[in-house]
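For reference, the structure discussed in these notes is given below.
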Ligand code: PAF
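This is the structure:
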């Protein structure tokens, strides 16, 4: 596996591969890799494909009181996992190249509307940070295809919107959420949970499943959401939001909408957890 730090090295390698007719596949990450990340990479592997993974803890997507300083950084373990998986190139960007004048001075990519609701409302600036860094990484890596996890559903939709709006020549594919045996969606932040919180954490997905069942059976959606909120609170979660939205644009569903997604964000102690379930309702 090649490991590069500079834009120039990555560009040169990508140009060589493209000249050989190879397809460039890309998975951007913030490291601390778990089975969820590795499944994104598995999804892209194939003949004639060169797989590039970046690891960069992006300061622009962390709020002032968030965990940028303590976000788990496990480069040696990550490198080993990527090597074993057969990744071709690990890109470890230098902050001085990603944000030459510092993150605050960087030109930004803003995705209005979609970036301001749900996660964006609770974490102002978060999606601008994500869209900005992903845009820059795409410009450096110039992938033909990139993969993002369905676990971060709103992030996935924002990347899709950015790529469509800016006519970026990259195909976006998604990979299903990978879960622990008890149903908890895998996330690097799960390791912040205490042993007791970890046991409770699995209930988040159970409550979402109940909401999906209620909504699918035609229960009034306001009632279904109130019920789900009460169930989360009874399980010691501090509820940020639990909602049912349209899959495509995360708008409030209207009569006739059939492709829906239930999304939730909660706090358990100091740890913020998110999860979602896509589902379809039959309106006939
Ligand atoms: O999902 C993540 O790990 C990050 O938001 C991403 C897409 C790598 C951008 O920093």
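Numbering (the working numbering), first residue to last: 48 to 331.
Note that the Cβ used here is the ideal one computed from N, Cα and C, for glycine as well.
Leaving aside the five residues that flank residue 181 on each side, the residues in its chain whose CB is nearer than 7 Å to its CB run, in chain order, 75 and 206. For residue 216, the number of other beta carbons within 10 angstroms of its own is below 16, and it is reported as exposed.
Going by beta carbons, residue 302 and residue 291 fall outside the 8 Å limit. For residue 136, the uninterrupted beta strand (DSSP E) segment begins and ends at 136-138. Counting other Cβ atoms within 10 Å of its Cβ, residue 105 reaches 16 or more and is therefore classed as buried.
The beta-bridge partner set that DSSP reports for residue 314 consists of 285 and 319. Residue 153 and residue 146 have their C-alpha atoms some 6 Å from each other. For residue 246, DSSP assigns no beta-bridge partner whatsoever. The beta carbons of residue 261 and residue 271 sit closer together than 8 Å. About 7 Å separates the beta carbon of residue 139 from that of residue 50, a gap short enough to meet the 8 Å contact definition. DSSP places residue 83 within a helical segment (H, G or I) once states are collapsed to three. Going by DSSP, residue 222 is part of the beta strand (DSSP E) stretching over 218-222.
Taking the Cβ atoms as the reference, residue 322 lies roughly 5 Å from residue 232, within the contact range of under 8 Å.
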